[in-house]
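Novice:
Residue numbers (the working numbering): 20 to 295.
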């Protein structure tokens with residue numbers, strides 16, 4: 020029942036088992052897509068010189084963080100020198116065919132090697148419309164650096180962990196939460212990652228999304244009134260606050276009837292045009 024493997028968190032490529040995970044997943048017939056959530060600079064790290072080639076050989080889709088197309092903004096958010104290293108990494112990926120448009124019989128088509136970029140705001144505000152920003156990114160990166168990519172995704176800054184602490188210290192957390200709540204868009208709910216994706220931590224614990232993992236809100240730990248200890252919740256260990264593990268079930272389809280664990284941070288994925 021799992022057709023996509025999405026590998027994320029920080030720089031997952033530096034995990035000693037990353038390449039093993041990718042190559043073994045490629046052997047499974049029903050796994051049609053493998054995604055690497057890449058910070059780009061990892062491709063320039065010592066010892067990772069062949070990483071881009073490895074990703075290409077295994078047809079891994081790269082979803083890369085690039086919070087802006089200008090050096091000043093990227094370095095301000097992620098550190099000095101990060102922008103130049105990111106551009107170097109993007110050029111390497113392009114040289115291997117990632118994000119390239121191929122000309123065939125007078126028409127263009129995308130390479131099988133997909134390169135998507137991710138934008139998130141530099142502060143406590145919602146991202147601009149995705150389509151218009153994607154057009155601007157493509158224009159700037161092509162004209163200035165000769166870089167191509169497939170799609171741009173905009174993601175709202177989630178009011179959790181370091182960003183929430185930052186807002187709290189500036190006395191802006193309540194204002195930002197009001198912004199998210201007041202911009203709630205019910206049209207985003209059907210496309211939320213928690214409705215069709217599960218997040219699995221290193222120890223096998225299952226979460227409804229990446230953000231819930233950061234907050235230790237395990238899947239199956241929420242039981243509505245009147246349902247405690249019944250049916251599937253009891254079967255997979257969701258009762259009494261016990262989190263679900265991949266060792267508790269045989270198929271991900273068994274999770275279809277569990278309640279998704281939600282909290283106030285979920286407004287981050289449903290504000291404006293959505294960011295999931």
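Even glycine gets a Cβ: it sits at the ideal position worked out from N, Cα and C.
Computed from a prediction, not measured in an experiment: that's the story for all the values here.
(1) Hey, out of 210, 237, 226, 33, whose CA is closest to residue 65's CA?
(2) Assign residue 153 to one of two classes, buried (16 or more other C-beta atoms within 10 Å of its C-beta) or exposed (fewer than that).
(3) Hey, how far is the Cα of residue 214 from the Cα of residue 268?
(4) If the criterion is Cβ atoms closer than 9 Å, does the pair residue 87 and residue 138 meet it?
(5) In whole angstroms, what separates the C-alpha of residue 230 from that of residue 169?
(6) Could you tell me which residues DSSP pairs with residue 275 in its beta bridges?
(7) Can you tell me whether residue 203 is buried or exposed? The criterion is at least 16 other CB atoms within 10 Å of its CB, across all chains shown.
(8) So the alpha helix (DSSP H) residue 57 belongs to, where does it begin and stop?
(9) With burial defined as no fewer than 16 other Cβ atoms inside 10 Å of the residue's Cβ, what is the status of residue 35: buried or exposed?
(10) In whole angstroms, what is the alpha-carbon distance linking residue 294 and residue 131?
(11) Over what stretch of residues does the alpha helix (DSSP H) that includes residue 173 continue unbroken?
Specialist: So, to answer that:
(1) 33
(2) buried
(3) 18 Å
(4) yes
(5) The straight-line gap from Cα to Cα measures roughly 25 Å.
(6) Paired residue(s): none; residue 275 is not in a bridge.
(7) exposed
(8) Premise fails: residue 57 lies in the beta strand (DSSP E), 52-57, not in any alpha helix (DSSP H).
(9) exposed
(10) Residue 294 and residue 131 have their C-alpha atoms spaced approximately 25 Å apart.
(11) Run containing residue 173: none in the alpha helix (DSSP H); it sits in the beta strand (DSSP E), 170-173.
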